[in-house]
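Notes follow once the structure below has been shown.
Chains as they are written, first to last, in the UniProt record's numbering: chain V, 1 to 199; chain D, 1 to 377.
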């Protein structure tokens, strides 16, 4: 986990979409929102899940590894940057390889775009746009110590399980204290739909 | 009617085994791919040497055993040999990485496929024209960037088409009268064109590089201005990668134009100094091409192969649908290719390519709800 990073707490998300609007204002992808806000069970639940780039550390940036054009750079501070505009060929390898479903692609422009942790802001010590506007603190930017000072007793996890595979990330999720020693389930593989085993 | 209660459950997470060593707090994150192994380096060196030797042979033969070779242009010719080595070396290293290697095979496979040609005979020329020539995709990003890039592209193409054969001794311009105005243009010693240096054709022939410079300067200047003003472009920009290529193009173009200015208006004043400046900037740029932003010139044609690979699969209606929502993910051969790339890279979650990005996020959200924190439902 990076020193200063985003901590996601889906339990606090009210689905207001303020993060989605604010993300559009980010100078590095002005006019286009890179954050995803998904309603996990629409019609049945108001639960929503904000997803920013998790900035995978181990394996390091699968999106960059599968890129055939070496277009995705991981900077020394662990931030996985969006595709270099002169190199990206719009193949969508990164879009489909990402286990978190983060990168977006503009097929007309042949260009991948993704959350880069608002590098124009975070490189200067400012919080990303989404964390700046989130009214409930579902997206918190800072160090773990700063988070715990503000929310005593809170625990976070930066490991995700996709079947047998573990992915460690630079961005972390808030988890209950009794779950902190476990990786957060990545949701895949799907084992059951409506009580039917689909494995 | 509400959506049926879709209980999408993931396998319950298990605690990591105690034998798993703790992850280092600061993993080395300096690159995207492991460094090339010794076999890749050896192959790349071999490819670079081979291409360089072939180019030297082509220069010697094309200049009629150096009879047409202009020794004043020797530094330029030597730089092109280094360029050939660097491009072949870097290209070999590049296509040795799993993602690029598979794309390379699929792209060239699609390009040379007779079946594809029968199915879509116009696809290749159309893609080359729209993608490599007129770069329509850049217009979708920004019209002004497209216009500026077109100026640079056609200017550089014109300059390369003139200067490379000239420095190799492949083109010669000779006058039977010694001082003109009647000139002959010869390629590999064969006369292809006779023209009067004082008419329009002659002017265009002798000022081709000035025209190229006039095209490149506004295009490169626009990009340089943008890199100083546009906060999106400034984000994460690096001097050597983003600014230096533009400065190189402008220096080459301006010193080139100044050579013409010197010969017309200064009676050759300062010509030698300018010629040296121009040569140094060109030689530096040529040697820099394989290692910086200019390498996209070499990489970009891979995009045509990739587009063709997907296009031909779509023609056959080989579309892979998301296993959960049924929305198309991409073409079936593409999904198989990506899974193969991920297997090569030991990314063992390659089976999840079969789900669309949104379903991956929703499934993860539901797993979080079910197994981590039920409270927010």
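No residue lacks a Cβ here, since even glycine has one placed at the ideal position from N, Cα and C.
Counting only the same chain and skipping the five closest in sequence on each side, list residues whose C-beta sits under 6 Å from that of residue 51 of chain D.
-> Exclusion of the five residues before and after residue 51 of chain D leaves 84, 88 as the residues of its chain whose Cβ lies within less than 6 Å of its Cβ.
With DSSP run on the structure shown, which of helix, strand or coil describes residue 152 of chain D?
-> Helix.
Where does residue 59 of chain V sit, in a helix, a strand or coil, going by DSSP?
-> DSSP places residue 59 of chain V in coil when its eight states are reduced to three.
Given a cut-off of 8 Å, decide if residue 169 of chain D and residue 175 of chain D are closer than it, judged by their beta-carbon atoms.
-> In this structure, residue 169 of chain D does not lie closer than 8 Å to residue 175 of chain D by Cβ.
Residue 2 of chain V, enclosing beta strand (DSSP E) - first and last residue = For residue 2 of chain V, there is no enclosing beta strand (DSSP E), since its DSSP letter is neither H nor E.
Would you give the residue range spanned by the alpha helix (DSSP H) that residue 38 of chain D belongs to?
-> If you look at residue 38 of chain D, you'll find it in the alpha helix (DSSP H) that goes 38-62.
Pair every Cβ in the region 136-151 of chain D with every Cβ in the region 102-120 of chain V, then say whether three or more of these pairs are closer than 8 Å.
-> As far as the Cβ criterion goes, the region 136-151 of chain D touches the region 102-120 of chain V, which means the pair count is three or higher.
Segment contact flag, the region 332-342 of chain D with the region 361-375 of chain D, C-beta cutoff 8 Å, min 3 pairs | Contact between the region 332-342 of chain D and the region 361-375 of chain D is absent: fewer than three C-beta pairs spanning the two stretches fall below 8 Å.
For residue 116 of chain D, the three-state DSSP class (helix, strand or coil) | DSSP places residue 116 of chain D in the helix class (H, G or I) of the three-state scheme.
Would you check if there are 3 or more beta carbon pairs closer than 8 Å linking the region 215-227 of chain D to the region 146-165 of chain D?
-> With a cut-off of 8 Å, the region 146-165 of chain D and the region 215-227 of chain D count as touching, because enough Cβ pairs lie within range.
Cβ-based burial, residue 62 of chain D [other Cβ within 10 Å; buried from 16] = Buried, since its Cβ has 16 or more Cβ neighbours within 10 Å.
Counting only runs of 3+ residues fully inside the region 7-62 of chain V, write out the beta strand (DSSP E) ranges in chain order.
-> Listed in chain order, the complete beta strand (DSSP E) runs (minimum 3 residues) inside the region 7-62 of chain V are 36-39, 48-51, 56-58.
Answer yes or no: do residue 118 of chain V and residue 129 of chain V have a C-beta to C-beta separation smaller than 8 Å?
-> Cβ distance < 8 Å, so residue 118 of chain V and residue 129 of chain V count as in contact.
Cα separation between residue 165 of chain D and residue 260 of chain D?
-> Cα-Cα distance, rounded: 20 Å.
What residues in its chain sit with their C-beta under 7 Å from that of residue 91 of chain D, if we drop five residues either side in the sequence?
-> 298, listed in sequence order.
Is the Cβ of residue 91 of chain V closer than 8 Å to any Cβ of chain D?
-> Cβ-Cβ to chain D under 8 Å: yes for residue 91 of chain V.
Collapsed DSSP secondary structure at residue 24 of chain D in the structure displayed = Residue placement at residue 24 of chain D cannot be trusted, given a pLDDT of 37 that sits under 50; what the coordinates show is reported in the next sentence. Here residue 24 of chain D sits in coil by DSSP.
So what does DSSP say about residue 290 of chain D, is it helix, strand or coil?
-> Three-state DSSP puts residue 290 of chain D in a helix.
If you measure beta-carbon to beta-carbon, which residues of the UniProt domain "4Fe-4S ferredoxin-type" (4-34) of chain V are closer than 9 Å to chain D?
-> Taking 9 Å as the Cβ-Cβ cut-off against chain D, the residues of the UniProt domain "4Fe-4S ferredoxin-type" (4-34) of chain V that qualify are 9, 10, 11, 12, 13, 26, 27, 28, 29, 30.
According to DSSP, is residue 372 of chain D helix, strand or coil?
-> If DSSP states are grouped into helix, strand and coil, residue 372 of chain D belongs with coil.
Is residue 317 of chain D helix, strand or coil when you go by DSSP?
-> Note: residue 317 of chain D maps to coil in three-state DSSP.
Taking residue 70 of chain D as the query, report the chain V residues whose CB atoms sit under 9 Å from its CB, ordered along the chain.
-> Going along chain V, no residue has its Cβ under 9 Å from residue 70 of chain D, so there is no contact; the nearest lies around 34 Å.
Taking just the CA atoms, how far does residue 155 of chain D sit from residue 211 of chain D?
-> Those two C-alpha atoms are separated by around 7 Å.
Report yes if the CB atom of residue 6 of chain V is closer than 8 Å to the CB atom of residue 124 of chain V, and no otherwise.
-> Against a cut-off of 8 Å, the Cβ pair of residue 124 of chain V and residue 6 of chain V comes out as no contact.
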